[in-house]
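Trainee: Residue numbers for the sequence shown follow this note's numbering, so the first one is -12 and each next one is one higher.
Once you've had a glance at the structure underneath, I'll fire off some questions.
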Amino acid sequence: MTTCATECVLKMFDEHHELDEYQSGVPRWCNGCGDNAILAAVQRLCRDNDLRPEKTVFVSGIGCSSRFPHYMKTYGFHGIHGRALPIAEGIKLARPDLTVFVNTGDGDCCSIGAAHWIHAIRYNMNMTVVLHDNQVYGLTKKQASPTSPIGLKSNTTPRGAYLEALNPLTVTLGVQNVSFVAQVVDWIPDLVYEVLAAAFRHQGLSFVRVIQRCPEFMPGMHDQAIRDPARVQLLTHERGVAIPPALQRVYKNTRVHDPANMSEARDIASVIDPIPVGLLYWDPDVPRYEELRAATVPRTAAVIRAGLEAELDKYTIWPGDHPGEPS
Ligand SMILES: Cc1ncc(C[n+]2csc(CCOP(=O)(O)OP(=O)(O)O)c2C)c(N)n1
Ligand code: SF4
């Protein structure tokens, strides 16, 4: 074997990839957009877990945040508005061997995609769902989203949003079969990484709400929480997210919370100031739909063909089925 061929073969079996091997293109997000922090954490996560790019897929809907798959050198599916979750579910059902991530905005997930969101939680398929919650429609230049704060003046609410914001955490925690719910803020990058790492390790649907800055349309929205660490509350527990010691020195407002405790998780989820960050709820034993539905017979070409023939035969009229009619 030539040196070049040997190197090629070795490369095929090399499971380790550097950061730049997950990076694709230059993000078109605005300076200071929280999506950049999420992307950096996800690329680190892929590298640290040696995810094989050809076995990894990022699925999104439509929105600024939904440009995410373009910036990952893996497989990706930039879907249609509100439909990231059903696309991801289809992928996972057909190819349970793939690692699936979903990136969805608050408009994409909680507005047009709300029905899919509810059912995806109930199906609990093994995927990491990241809600980029900037509390506004960014791509279409500032319309109110379901998570916009009451009073927000936007192109669709010029007199200010009339309704109390929808809380994505309490909604998710209210759905049957929920198995993993966490929250983090984009301005603490090490915690974004740790929360996403815990979500990735979870076997089931992990729902992570990232409170994301949109300096373009929501300037200054989180300035007070950024300046005052006491306005962020770290959730701590031995079964929770690992909190890097350096963060514990800055963020002293902590609360011990057992993520198995659903009623406490719901109470915490309802609090918006201080912002609770970390793992709110975790149940590793919820069944996963792709396993409940797993084929009992291997799906070879012959098996698929036999199944199709059997279905089509149901509609076939054989000579003699209707005596007296010409055959
Ligand atoms: C069926 C459909 N309806 C509406 C739109 C227009 N549209 C594109 S993105 C978007 C909202 C994006 O907001 P969000 O999901 O919060 O993402 P962000 O841009 O803030 O990241 C809308 C309404 C569309 N593309 N398709
Ligand atoms: S408009 Fe907002 S969400 Fe969109 S890229 Fe700019 S800062 Fe990010």
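Beta carbons: idealized from backbone N, C-alpha and C, even for Gly.
#1: Please state whether the Cβ-Cβ distance between residue 47 and residue 71 is less than 8 Å.
#2: In whole angstroms, what separates the C-alpha of residue 13 from that of residue 60?
#3: Can you tell me whether DSSP reads residue 242 as helix, strand or coil?
#4: By the 10 Å Cβ neighbour count, where 16 or more other Cβ atoms means buried, how is residue 142 classified, buried or exposed?
#5: Measure from the alpha carbon of residue 190 to the alpha carbon of each residue in 274, 169 and 2, then state which is nearest.
#6: Contact defined as beta carbons within less than 8 Å: I believe residue 228 pairs with residue 185. What is the distance between those atoms, to the nearest angstrom?
#7: If you draw a straight line from the alpha carbon of residue -12 to that of residue 2, how long is it in whole angstroms?
#8: Please say whether residue 134 and residue 107 have beta carbons closer to each other than 8 Å?
#9: Since residue 263 is in the alpha helix (DSSP H), which residue starts that stretch and which ends it?
#10: Leaving aside the five residues before and after residue 62 along the sequence, list all residues of the same chain whose C-beta is less than 6 Å from its C-beta, in chain order.
#11: Is residue 259 closer than 8 Å to residue 267 when the C-beta atoms are compared?
#12: I'd like to confirm something about residue 65: is its beta-carbon nearer than 7 Å to some heavy atom of ligand 1, or not?
#13: Using a Cβ-based criterion (distance less than 7 Å to any ligand heavy atom), does residue 127 qualify as near ligand 1?
#14: Of all the options 182, 264, 50 and 160, which has the alpha carbon lying nearest to the alpha carbon of residue 243?
#15: Using a threshold of 8 Å, state whether the C-beta atoms of residue 218 and residue 262 are closer than that.
#16: Does any heavy atom of ligand 1 sit closer than 7 Å to the C-beta of residue 51?
#17: Looking only at its own chain, which residues have a Cβ that is under 6 Å from the Cβ of residue 33, when we skip the five neighbours before and after it?
#18: Taking the Cβ atom as the reference point for each residue, do residue 257 and residue 154 lie within a distance shorter than 8 Å?
#19: Are the stretch 25 to 40 and the stretch 173 to 185 touching, with three or more C-beta to C-beta distances below 8 Å?
#20: Going by DSSP, what residue range makes up the alpha helix (DSSP H) through residue 220?
#21: With DSSP collapsed to three states, give me the class of residue 11.
#22: Determine contact between the stretch 82 to 92 and the stretch 114 to 129, defined as no fewer than three beta-carbon pairs at a distance below 8 Å.
#23: DSSP state of residue 162, grouped into three classes?
#24: Based on Cα-Cα distance, which residue from 69, 40, 74 and 300 lies nearest to residue 58?
#25: Run the CB neighbour count on residue 306, radius 10 Å, all protein chains shown included, and call it buried at 16 or more, exposed below.
#26: For ligand 1, any of its heavy atoms closer than 7 Å to the Cβ of residue 94?
Mentor: Put simply:
#1: Cβ distance < 8 Å, so residue 47 and residue 71 count as in contact.
#2: Using only the alpha carbons, I get a separation of about 12 Å.
#3: Residue state, collapsed to three classes: strand.
#4: Exposed, by the Cβ-count rule.
#5: Of the candidates 274, 169 and 2, the one whose C-alpha sits nearest the C-alpha of residue 190 is 274.
#6: That belief holds up - the Cβ atoms of residue 228 and residue 185 are roughly 5 Å apart, short of 8 Å.
#7: The pLDDT assigned to residue -12 is 49, lower than 50, so where the model puts this residue is not dependable; a value taken from the coordinates is nonetheless given after this. Approximately 22 Å, taken between the alpha carbons.
#8: No, Cβ-Cβ distance for residue 107 and residue 134 is not below 8 Å.
#9: Boundaries for residue 263: no alpha helix (DSSP H) harbours it, while the beta strand (DSSP E) harbouring it runs 262 to 269, taken from the DSSP string.
#10: So the qualifying residues of the chain are 44.
#11: Result no, Cβ atoms of residue 267 and residue 259 do not sit closer than 8 Å.
#12: Result no, Cβ not under 7 Å from ligand 1.
#13: Result yes, Cβ under 7 Å from ligand 1.
#14: When C-alpha distances from residue 243 are compared across 182, 264, 50 and 160, the shortest belongs to 264.
#15: Yes, the Cβ-Cβ distance between residue 218 and residue 262 is below 8 Å.
#16: Yes - ligand 1 has a heavy atom lying nearer than 7 Å to the Cβ of residue 51.
#17: Result list for residue 33: 9, in chain order.
#18: Yes, the pair counts as a contact, with Cβ atoms nearer than the cut-off.
#19: Yes: the two stretches touch, three or more of their Cβ pairs being nearer than 8 Å.
#20: Residue range 219 to 223 is occupied by the beta strand (DSSP E) that includes residue 220, with no alpha helix (DSSP H) assigned at that position.
#21: Here DSSP, grouped into helix, strand and coil, assigns residue 11 to coil.
#22: Taking 8 Å as the limit for Cβ pairs, the verdict is that the stretch 114 to 129 does touch the stretch 82 to 92.
#23: Coil.
#24: Per the C-alpha coordinates, the member of 69, 40, 74 and 300 positioned closest to residue 58 is 40.
#25: Looking at its Cβ environment, which holds fewer than 16 other Cβ atoms inside 10 Å, residue 306 is exposed.
#26: Flag set: Cβ of residue 94 near ligand 1.
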